[in-house]
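Since the structure comes first, as structure tokens, the remarks are kept for the end.
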Amino acid sequence: MRRTPSRRLLAAALLVASVLAPTAVTSATAATTTATAVHTAGIDAHDHCSSEGLGHGVTARLDKAIADVRKQAAIPGVAVGLWMPGKGCYVRATGVADKVTRQPMSTDFYSRIGSETKTFTVTALLQLVDERRIGLDDPISRYVHGVPNGRHITLRHLAEMRSGLFPYSADADFAHDLLSDPTRSFTPRELLAYGFKHRNTAAPGKVFVYNNSNLVLLGLVIEKVTGHHVADVINRRVLRPAHLDQTLFPDGPNVREFPEPHAHGYTNQTLTGAVADSTDWNPSWAWSAGAMISTMHDLRSWAKTVATGELLSPETQKQRLKTLPTGFPGLTYGLGIFETGGWIGHNGSIPGYESVTVYLPALKATLVVLINTDITTGGQEPSTLLARAITQIATPGHVYDGSTPMR
0 MRRTPSRRLL AAALLVASVL APTAVTSATA ATTTATAVHT AGIDAHDHCS
50 SEGLGHGVTA RLDKAIADVR KQAAIPGVAV GLWMPGKGCY VRATGVADKV
100 TRQPMSTDFY SRIGSETKTF TVTALLQLVD ERRIGLDDPI SRYVHGVPNG
150 RHITLRHLAE MRSGLFPYSA DADFAHDLLS DPTRSFTPRE LLAYGFKHRN
200 TAAPGKVFVY NNSNLVLLGL VIEKVTGHHV ADVINRRVLR PAHLDQTLFP
250 DGPNVREFPE PHAHGYTNQT LTGAVADSTD WNPSWAWSAG AMISTMHDLR
300 SWAKTVATGE LLSPETQKQR LKTLPTGFPG LTYGLGIFET GGWIGHNGSI
350 PGYESVTVYL PALKATLVVL INTDITTGGQ EPSTLLARAI TQIATPGHVY
400 DGSTPMR
């Protein structure tokens, strides 16, 4: 049975494992796989890898594993970066960025990163905690009026996905309104209204439910406390200090901004289930939960920054990394961040694009995966299939896994 659009949009993307798969996936990736060692403008020299990568044997196995997943999941294009200090690195792009022109995929492209946005939003929030301008155990009602049970839902509950609120992206009317006109703009309050018309799903703090409503609310908290647009706050307080010059939060009059070069994105999250080119869809519906854009270069740096807490106090970072069970084996979730197989970070999905950005403290390793489709296959997210296959080879003692049946 084909999944309904509202189910597909439920999380806009916790991709760490299985979901009900649609009955059809795009077959347009019959393109020949072309693995290329990276040598592109826009990526610093230290991002490049020799043709030997992690050694001939491991590199060859990774090439094959990625090619196999691309074929299995019909992924048009894949860009992978894996850096393992003391062992080497693997930075490759395969497949196509555009199924019409057959332009090759590249590692220097900008890409929509979906729910990886949450790591930036929560970092900005936690900086306000460090400054004692807010407290994690403050009720959301102190900052945003009209939240169902808002007096008992804390900022901590929102950041750790335990608010009990109904996710706006699971509302059928929302899915219809978005997919009827993917170019339209939504305001944060409009988004929340889709969820607030439903009864809450659980008491605060009791149940993990991945929910974009939580992060939209935290975006509004940041705006309330700082007096500035959340996109501007993230740019000034997170992106600049982290030296992420190729990362942006399209918002306001620039919401349709998508810098070149970038791959075309392909999705079957449409009213009919037909595959569409979603490259220029308006990301306002994801806002502080999933609208951001970045590159492999920046995400490589961000993986370590967010996992080690370089922009936060040690005590606040300790709270952030206090991950709790999600109810799904292999996955725990903290404050806008997860842990699976020892890897710390987040992943993302927005129609047409998926990503994974994680850091492995045990080996000081970093993995970034960027692809230009979100179409599932065999009940699995394509980015999860890739990250799992890569880590099974490169870090067999630390496999990116998980088994949550939702996005």
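Just so you know, we're using numbering that gives the first Met the number 0 here: the sequence shown kicks off at 0 and counts up by one.
Where is the CB? At the ideal position from N, CA and C, for every residue including glycine.
With at least 16 other beta carbons inside 10 angstroms of its own, Lys-98 counts as buried.
Burial of Asn-346 is indicated by the presence of at least 16 other C-beta atoms within 10 angstroms of its C-beta. Contact annotation: the stretch 277–297 touches the stretch 234–251, with at least three C-beta pairs closer than 8 Å. Counting every other CB atom within 10 Å of its CB across the protein chains shown gives Asn-213 a total of 16 or more, marking it as buried. The DSSP assignment places complete beta strand (DSSP E) segments of no fewer than 3 residues inside the stretch 72–104 at 76–83, 87–94, in order along the chain. Minimum Cα-Cα distance from Arg-387 among the listed residues Leu-366, Phe-207, Leu-298 corresponds to Leu-366.
Judged by beta-carbon spacing, Glu-115 lies within the 7 Å limit of Thr-356, meaning their Cβ atoms are closer than that value. Closest in C-alpha terms to Met-104, from the list Leu-323, Gln-379, Arg-111, Gly-94, comes Gly-94. The Cβ atoms of Phe-165 and Thr-200 sit closer than 7 Å to each other. Our two residues, Tyr-265 and Arg-188, have alpha carbons roughly 28 Å apart in a direct line.
Sorting Lys-223, Val-121, Leu-369, Lys-196 by C-alpha distance to the C-alpha of Arg-141 places Lys-223 at the top. At a Cβ-Cβ threshold of 7 Å, Ala-72 and Leu-384 count as neighbours. Ser-348 sits in a strand when the DSSP states are folded into three classes. The residue among Asp-62, Thr-58, Ile-74 with its C-alpha nearest the C-alpha of Glu-353 is Ile-74.
With respect to the 7 Å criterion, Gly-76 and Ala-96 are classified as neighbours on the basis of their beta carbons. Each of Gln-379, Asp-279, Ala-174, Pro-181 was checked against the Cα of Glu-259, and the nearest Cα belongs to Asp-279. Bounds of the beta strand (DSSP E) holding Leu-366 are 364–370. For the options Leu-178, Ala-171, Ala-59, Tyr-109, the alpha carbon positioned closest to that of Pro-350 is the one of Leu-178. If you draw a straight line from the Cα of Gly-341 to the Cα of Gly-56, it is about 24 Å long. DSSP places Thr-153 outside any beta strand (DSSP E), giving it a letter other than H or E.
Where Ile-292 is concerned, the enclosing beta strand (DSSP E) starts and stops at 292–294.
Buried is the label assigned to Gly-218, since at least 16 other Cβ atoms lie within 10 Å of its Cβ. Sixteen is the threshold: when 16 or more other Cβ atoms of the shown chains lie within 10 Å of the Cβ of Ser-162, as they do, the residue is buried. For a cut-off of 8 Å, the C-beta gap from Leu-190 to Val-143 is around 13 Å, too long to register as a contact. Looking at the DSSP output, Gln-245 shares a beta bridge with no other residue. For Val-368, the CB contacts under 6 Å within the same chain, skipping 5 residues up- and downstream, are Val-79, Val-355, Ser-382, Leu-385, Ala-386 in chain order. Secondary structure note for Arg-387: its alpha helix (DSSP H) is the uninterrupted segment 381–393. Rounded to whole angstroms, the separation of the alpha carbons of Tyr-358 and Thr-325 is 20 Å. Put simply, of Pro-282, His-175, Glu-159, Arg-183 the residue whose alpha carbon is nearest the alpha carbon of Phe-337 is Glu-159. The three-state reading of DSSP puts Tyr-142 in coil, since its state is none of H, G, I, E or B. In terms of Cβ geometry, Asp-136 and Arg-150 do not form a close pair [threshold 7 Å].
Distance from the CA of Gly-377 to the CA of Asp-129, rounded to the nearest whole angstrom, comes to 44 Å.
Contact between Gly-145 and Phe-185 does not hold, since their C-beta atoms are separated by about 17 Å, which reaches or exceeds 8 Å. The beta carbon of Ser-277 sits closer than 6 Å to those of Gly-264, Thr-266, Pro-350, Gly-351, all from its chain and outside the five residues before and after it, given in chain order.
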